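Notes to accompany the following structure.
There are 2 protein chains.
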Amino acid sequence: MENLINILEDANIKPTIERLSILNYLDRNHNHPTASMIFDEVETKIPTISKTTVYNSLKLFIENGIVTPLYITGSEIRYDFTTKPHHHFFCENCGKIFDLVVDCPIFSKKHFQGHLIRQQHGYFRGICKDCLEKEAKEHH
Amino acid sequence: MENLINILEDANIKPTIERLSILNYLDRNHNHPTASMIFDEVETKIPTISKTTVYNSLKLFIENGIVTPLYITGSEIRYDFTTKPHHHFFCENCGKIFDLVVDCPIFSKKHFQGHLIRQQHGYFRGICKDCLEKEAKEHH
DNA sequence: TCCATAATTTGAACTCAATACAAATTTATA
DNA sequence: TATAAATTTGTATTGAGTTCAAATTATGGA
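As given, the protein sequences belong to chains D and H, one line each in that order.
Per numbering that gives the first Met the number 0, the first sequence starts with residue 0, numbered consecutively.
Per numbering that gives the first Met the number 0, the second sequence starts with residue 0, numbered consecutively.
And the structure:
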């Protein structure tokens, strides 16, 4: 938790109890949650917290580069505690989003064909390994 | 237009005047439009068309693989007349989405780390070449 | 400690893309 | 032509995300 305070302070964000709790959730859950998922869990610890605070905090985190928004499902934004760049896989069956470590030669470039690159996203859609195996078992 | 009829029939979609008009728009405009942009233009030719028909048609096109939905901006879905796989660049300044031709070694794989791949998306965010040049000119 | 100011949080109202659904219309089939 | 099926339409609804002013909390000086 001390570590999370430092992360916020390094990003010039005052570490309020709400922000810490949200960041703590993201730190413990690398499952690319929605704002609702975050709210539901944090609410059990801070019953007075509002959804607006969750959105406000996430916006702050994004603006300061410690969280990355993922536009993958098309229905809602997923939030990713920014670590090192990686790809994502979205299972159209179970809805889970997995991290994929891909050796991508374009990653890390700051300029490309004259454009300034700030963020890079690679994501795949399909059926995940787990769902494929379950399916195979059912048809046995 | 004859060509578009074939595309729909090959996808087992009855080529109604509404669907043809929507596909015709996507064929003429490779600027990754929103459903609203499509509706606004098609409405000038078919004044009775409804937004629901636009959404229904796009859904049909997607299900049959002739259109790809892009979840890039986070606020609305963009539609891409499916041709060959390519990456996208989203300019955070002007909002335009460009096609990027990238030599990507992962593209075309049908399986990856045990997952079945149906779609692959690579997109970049930043400031586009045009906006960078305008900015440079202003600061002269 | 007290007070004034600033920062943060809250909750209700609102926006808007997308969906649901039943009625109306058009098209296909017997 | 009549009946059924497919398509379109328009209204109502959903729900993630935003707006904004009031309430609360934190900060810093006297």
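Each residue gets a CB set at the ideal place from its N, CA and C atoms; glycine is no exception.
From a predicted model like this one, the values you see are computed outputs, not experimental measurements.
Assigned secondary structure, residue i (DSSP; H/G/I helix, E/B strand, else coil)
i         : result
Asp98(H)  : strand
Thr81(D)  : coil
Tyr122(H) : strand
Ile4(H)   : helix
Ile65(H)  : coil
Ile12(D)  : coil
Ile21(H)  : helix
Span of the beta strand (DSSP E), counted from its first residue to its last, around residue i
i        : result
Cys90(H) : His86 to Cys90
Neighbour list for residue i in chain H, Cβ cutoff strictly below 9 angstroms
i         : result
Pro68(D)  : Gly73
Cys103(D) : Cys103, Pro104, Ile105 and Gly121
Ile76(D)  : Gly73
Terminal residues of the alpha helix (DSSP H) in which residue i lies
i         : result
Thr51(D)  : Lys50 to Glu62
Thr43(H)  : Ala34 to Lys44
Ile105(H) : That residue, Ile105(H), is in no alpha helix (DSSP H); it is neither H nor E in DSSP.
Glu75(D)  : Run containing Glu75(D): none; DSSP gives neither H nor E here.
Cys130(D) : Lys128 to Glu137
Proximal chain D residues relative to residue i, where beta-carbon distance stays under 7 angstroms
i         : result
Phe122(H) : Looking at the sequence provided, one finds Tyr at residue 122(H) rather than Phe. Result: His120.
Phe88(H)  : His114
Residues near residue i in its chain [Cβ-Cβ closer than 6 angstroms; skip 5 each side]
i        : result
Pro14(H) : Ile4 and Leu7
Glu75(D) : Thr33
Own chain residues within Cβ distance below 7 angstroms of residue i, not counting five before or after
i        : result
Phe80(H) : Leu25, Asp26, His29 and Val66
Glu91(D) : Arg124, Gly125 and Ile126
Ile12(H) : Arg18, Leu59 and Asn63
Contacts of residue i in chain H (Cβ-Cβ under 8 angstroms)
i         : result
Ile126(D) : His114, Leu115 and Arg117
Residues near residue i by beta carbon distance below 8 angstroms, same chain, minus five either side
i        : result
Ile48(H) : Glu17, Ser20, Phe38, Val41 and Glu42
Inter-residue spacing [alpha-carbon to alpha-carbon] between residue i and residue j
i         : j         : result
His141(D) : Lys136(D) : Residue 141(D) cannot be examined here, being either before or after the span of chain D that is shown, 0 to 139.
Leu69(D)  : Thr33(D)  : 10 angstroms
Asn63(D)  : Glu1(H)   : 52 angstroms
Thr82(D)  : Gln118(H) : 25 angstroms
Lys95(H)  : Asp102(H) : 22 angstroms
Gln112(D) : Pro104(H) : 18 angstroms
Tyr122(D) : Lys128(H) : 24 angstroms
Lys133(D) : Asn55(H)  : 32 angstroms
Leu99(D)  : Ile71(H)  : 19 angstroms
Contact test: residue i Cβ vs the ligand GTP heavy atom, cutoff 7 angstroms
i         : result
Val100(D) : As far as ligands go, the structure on display features none, and thus does not contain the ligand GTP.
Residue i: contacting residues in chain D (beta-carbon distance under 8 angstroms)
i        : result
Glu91(H) : Arg117
Per-residue contacts from residue i into chain D (C-beta, under 9 angstroms)
i        : result
Phe60(H) : The premise fails here: Phe60(H) is roughly 15 angstroms from chain D at the closest Cβ pair, so nothing lies under 9 angstroms.
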